[in-house]
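Shown next, in structure tokens, is the structure this report addresses.
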Amino acid sequence: MLVPDEPIAAVVREALEGYASGCFASQVEVLRFFKRNPHFLKDRKDGSLRSMTVTRRLKKVVYAGYVEAPKWKVAVREGKHEGLISY
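Just so we're aligned: 24 in the numbering used here is position 24 of the sequence shown, and the numbers increase by one with no gaps anywhere.
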């Protein structure tokens, strides 16, 4: 079972809700938000974060309590975990 990993979950939740509500006008603003937050894990050895990572985060259905595995032809379905946001 997946469980939120705080405080990272709170950062991701704020970014997703901010982007959905228009508080972050672009993915670049979400990227800057993640870069400023010390709790958010960076994806490169030098501590930086790629814009592609933001795009992937914004598209993950797992944050809404769903799962999918296109590689194994598993369509989006409700997961057994609590979502960080509503879908």
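We put the beta carbon where it would ideally sit given N, CA and C, even for glycine.
Could you check whether residue j and residue i sit closer than 8 Å to each other, using their CB atoms as the reference points?
i: Pro88; j: His39; result: Residue coverage of the chain in this structure runs from 1 to 87, which leaves residue 88 outside it and unanswerable.
i: Gln27; j: Leu58; result: yes
i: Leu84; j: Val54; result: no
i: Tyr63; j: Val12; result: yes
Classify residue i as buried or exposed, calling it buried when 16 or more other Cβ atoms lie within 10 Å of its own Cβ.
i: Leu16; result: buried
Might you give, ordered along the chain, the residues of its own chain that have their beta carbon closer than 6 Å to the beta carbon of residue i, omitting 5 neighbours on each side?
i: Arg44; result: none
i: Gly18; result: Phe24
i: Leu2; result: His81
i: Ser51; result: Leu31
Below 8 Å on the Cβ atoms is my contact criterion, and I expect residue i with residue j to pass it. Report the Cβ-Cβ distance as a whole number of Å.
i: Phe24; j: Phe33; result: 7 Å
Near residue i, what residues of its chain come up, given a Cβ to Cβ distance below 7 Å and the 5 sequence neighbours on each side ignored?
i: Lys42; result: Ser48, Leu49
i: Arg86; result: The sequence shown places Ser at residue 86, rather than the Arg named in the question. Same-chain partners within the cutoff: Ala64.
Quick one: what's got a C-beta closer than 8 Å to residue i's C-beta in the same chain, skipping five residues either side?
i: Val61; result: Val67, Glu68, Val76, Tyr87
Exercise for the section: Give a yes or no on contact between the segment 59-67 and the segment 77-86, applying the rule of three or more CB pairs nearer than 8 Å. Expected result: yes
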